[in-house]
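Asks:
Chains as they are written, first to last, in UniProt numbering: chain B, 1 to 459; chain A, 1 to 459.
#1: Taking a cut of 7 angstroms between CB atoms, which residues from the region 261-291 of chain A lie near chain B?
#2: Enumerated in chain order, which unbroken segments of the beta strand (DSSP E) with a length of 3 residues or greater are wholly contained in the region 109-158 of chain A?
#3: Run through chain B and tell me which residues come within less than 9 angstroms of residue 35 of chain A, C-beta to C-beta.
#4: The alpha helix (DSSP H) that contains residue 48 of chain A, what's its start and end?
#5: In whole angstroms, give me the CA-to-CA distance for residue 220 of chain B and residue 275 of chain A.
#6: According to DSSP, which residues form a beta bridge with residue 359 of chain B?
#7: Enumerate in chain order the residues of its own chain whose CB-to-CB distance from residue 319 of chain A is below 7 angstroms, with the five nearest sequence positions on each side excluded.
#8: Closer than 8 angstroms, CB to CB, is residue 184 of chain B near chain A or not?
#9: Where does the unbroken alpha helix (DSSP H) through residue 318 of chain B begin, and where does it stop?
#10: Taking 8 angstroms as the threshold (beta carbon to beta carbon), is residue 115 of chain A in contact with chain B?
#11: Taking C-beta to C-beta, are residue 382 of chain B and residue 130 of chain B nearer than 8 angstroms?
#12: Is there at least one Cβ from chain E nearer than 8 angstroms to residue 109 of chain A's Cβ?
#13: Apply the 10 Å Cβ neighbour rule to residue 10 of chain B and answer buried if 16 or more other Cβ atoms are within range, or exposed otherwise.
#14: According to DSSP, is residue 65 of chain B part of a helix, a strand, or is it coil?
#15: Is the Cβ of residue 87 of chain B closer than 8 angstroms to any Cβ of chain A?
#16: Per the contact definition of three or more C-beta pairs closer than 8 angstroms, is the region 117-129 of chain B in contact with the region 81-91 of chain B?
#17: Nearest-angstrom Cα distance between residue 386 of chain A and residue 268 of chain A?
#18: If you draw a straight line from the alpha carbon of residue 409 of chain A to that of residue 162 of chain A, how long is it in whole angstroms?
#19: Below 7 angstroms on C-beta distance, what does residue 344 of chain A contact in chain B?
#20: Please check if any C-beta of chain A sits within less than 8 angstroms of the C-beta of residue 211 of chain B.
#21: Since residue 155 of chain A contacts residue 400 of chain A with CB under 8 angstroms, what's their CB separation in whole angstroms?
#22: By how many angstroms is the C-alpha of residue 197 of chain B removed from the C-alpha of residue 442 of chain B?
#23: Pick from B:258, B:298, B:377 and B:251: whose alpha carbon is nearest that of residue 241 of chain B?
#24: Cβ of residue 351 of chain A less than 8 angstroms from any chain B Cβ?
#25: Mind checking residue 109 of chain A: buried by the 16 CB within 10 Å criterion, or exposed?
#26: Would the beta-carbon of residue 328 of chain B fall within 8 angstroms of that of residue 180 of chain B?
#27: For the beta strand (DSSP E) containing residue 440 of chain B, list its first residue and its last residue.
#28: Apart from the five residues just before and just after residue 189 of chain A, which ones in its own chain have a Cβ nearer than 6 angstroms to its Cβ?
#29: Pop quiz: residue 238 of chain A and residue 283 of chain A are said to be a contact at Cβ under 8 angstroms. What is the actual Cβ separation, rounded to whole angstroms?
#30: Which of helix, strand or coil does DSSP assign to residue 230 of chain A?
#31: Helix, strand or coil for residue 431 of chain B, going by three-state DSSP, please let me know.
#32: By the three-class DSSP mapping on this structure, what secondary structure does residue 283 of chain B have?
#33: Which residues, in chain order, does the region 225-242 of chain A contribute to contact with chain B at a C-beta distance below 9 angstroms?
#34: In this structure, how does DSSP classify residue 289 of chain B when only helix, strand and coil are distinguished?
#35: Using three-state DSSP, classify residue 4 of chain A as helix, strand or coil.
#36: Are the beta-carbon atoms belonging to residue 124 of chain B and residue 114 of chain B less than 8 angstroms from one another?
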């Protein structure tokens, strides 16, 4: 609608400035040294929601980082959309690989460079600005509720508790999230699902102290060597995961479904060039799109042990550690998979060492039916602003809380993300396209318009 | 001799105080941040040698850390002993595992706790005090030369250059080193050899940046996973090292030699209890004494990659690293073994990743013939002060420079160490027994006495 276009045109510079100031707050949820910044960020989000026209805005304390809630109820008879997002960000390290400060946002070319620019400050803030546009132009077509949390990057465990305790307050017809990516602005896509996650940490202990590798080397098991052997054993020669029962509940897609997925535009040469690799890797028998969409994975996210400083130290370490996470697909259950991992790892550990396995967090996979009225509304909205219908794709990432929304609130979730895979999420030099930011703000009101028109889906 | 005993009895407290002040200097050679402390330590050693009666003492600069040289020539016709030691120490980390500051020496029970207390400040300083005793009591039986270096813990590469350039200055009949251990004060032993060392570092690179493990996980090789697979492949099911040609030059000992080795007192239950392990590990077909003495090994000294901080980060790392060292036995050549490792590692690396292999340093193994006159002199000296002849054993550690002494100076080396395997060399809470310190000072003059009496071995 012209009125939306005009309002954004008049205010687009301010919208950007507001986002940049939000990106300057280092709201790293995983690292307790940033706890105060996370709180500051929550207060800032509250202020922005109020300015945009939201009511009953509150910073809700939790056992961890707070949740910001706000709403704009114009007519109880109209459908209600619950907008979810997160204001926390991933740790910024390795710092030395950033071209500019992770929390000193800069505009270079067509992009905003900063930690959280795409994941998820730049994306949830589009919804705050869309709210402003609709309220200021008096065109809000339905009721809106906002729930912006501060623990998405560490598993949303307290959000789960909050949701269970506030079912009435959160009553809605659908959940809308912008925290994923599309193929490109030229080939818009819409996620039909997300992978689940099970994040583990393992500790392998050999001798009770670091030893001289000459005096003891050869006679005592080296926990770093044993850890490598255990990790190596978790993929077979076809890169299948060897944990017994791991694939039991994995849903196999039909030929047609797999064909549809593989019809999405994908340029392998370009993909390899962007990543700087000569060869791709993965589970035998599946395409890259399938490997990152419909197949589960097991990745080492971090490994450490022994002397890692400058020069050399001839030590036989006492301990070695690894952070290992698995991406899950329907119908794997993250708690069950975490158990399978733990039992298997403890079982295969040789008697020379002691192992400790802990679960960090996780979430189950999720699928959005493409025939859902809200999915149609999202498709129409994208068609209205991008000029072509989005390609349905399976997202490889995880938003652990989505499965819980369905379980606890009985709500389906629409994953209308405007980022790109190349945004360096969780990596140095995270970026978000200016065009993506503005296009998102332009598209969101259409979603609400079409969803209101297509009618209330639950009662 | 009584005069030696009396002099030590009168001065033993001062001897200890002097050692403690030397231990307070953090002369860590591997870490450039301690370069100034290493230099300070060299100057201190010079001062102590002069006070003990050495002449022509100088701090000799090198491309790295300096070498302290000094001598006491009483009569060119008498035999000359070249005493070698090192004033540099291993890095102290992990600091949190020390019960007291690594460079704040404390006496607890019968031990001195400090980094370098046994390796090697506490041991080379016994020779400085033995010199003082013999000069002050006018009983020095032969000529002495001292060469105390500052780079033993980082491979002694500059000492090698120094030795080649100063063959005349270093002319002697035998090299004497106290930088190893004995079985116990009740069961004194004398090393008949040392293992060599080849210290490597590997870097495995996957994608050109850290990636989101959900967006890319399953489609791109994870360098941490690949590194684990490569390391795991380097031992077979019998814990034999799989590098082609690695064992080709390994000298097999005769049945008799192996029996002699295994006759040394060894309490496996006690050994396991001390290390806190339920089971020992090692190469099939060899005893623990053989695994640490006459067999080569491959150990991971350090491994790191990805996110190793608090909490979780769902990253697929760009790089993973490991420090890997091999202990070598006669007649393996460390340069040849380093090449074999490099070629093998590069060969087995899959095309999904790029690998970089660098050599830190190394040294070849060494054996002392038990029929050598200086070995007999050392045995007699130990018998004189311990009351029983030492058991000949193969040391598992490495002093890379020893092989070079033989090659460049044509000198055999006597490894008369007074430490214990339980001294936590290279580990937190390194210690050295007070009794070991004093017993060493008491024993050393006898070595010189008997060596002088048994006569000059070369001319």
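Note that beta-carbon positions come from the ideal geometry of N, C-alpha and C, so glycine has one too.
Replies: Reading from the atomic positions:
#1: Within the region 261-291 of chain A, the residues whose Cβ lies closer than 7 angstroms to some Cβ of chain B are 275, 276, 277, 278, 279, 280, 281, 282, 283, 288 and 291, listed in chain order.
#2: 111-113 and 143-149
#3: Ordered by position in chain B, no residue passes the 9 angstroms Cβ test against residue 35 of chain A, which lies about 12 angstroms from the chain.
#4: 35-52
#5: 9 angstroms
#6: According to DSSP, which records beta bridges pairwise, residue 359 of chain B is partnered with B:200.
#7: 203, 204, 205, 223 and 305
#8: no
#9: No alpha helix (DSSP H) contains residue 318 of chain B, which DSSP labels as neither H nor E.
#10: no
#11: no
#12: Among the protein chains in the structure shown, which are B and A, there is no chain E.
#13: exposed
#14: coil
#15: For residue 87 of chain B, no CB of chain A lies under 8 angstroms from its own CB, so it is not counted at the interface with that chain.
#16: yes
#17: 25 angstroms
#18: If I take the Cα positions, the gap works out to 12 angstroms.
#19: Per Cβ cutoff of 7 angstroms: no residues; residue 344 of chain A is ~16 angstroms from chain B at best.
#20: Chain A places a beta carbon closer than 8 angstroms to that of residue 211 of chain B, counting this residue as a contact.
#21: 6 angstroms
#22: CA-CA distance, residue 442 of chain B to residue 197 of chain B, rounds to 32 angstroms.
#23: B:298
#24: With a threshold of 8 angstroms between beta carbons, residue 351 of chain A makes contact with chain B.
#25: exposed
#26: no
#27: In the DSSP annotation of this structure, residue 440 of chain B is not part of any beta strand (DSSP E); the continuous alpha helix (DSSP H) holding it starts and ends at 434-454.
#28: Sequence-distant partners of residue 189 of chain A (beyond 5 residues in either direction) whose C-beta falls short of 6 angstroms from its own C-beta, in its chain, are 182, 183, 390, 391 and 393.
#29: 7 angstroms
#30: helix
#31: strand
#32: coil
#33: Against chain B - using a Cβ distance shorter than 9 angstroms - the residues of the region 225-242 of chain A are 225, 226, 227, 228, 229, 230, 231, 232, 233, 234, 235 and 239.
#34: helix
#35: helix
#36: no
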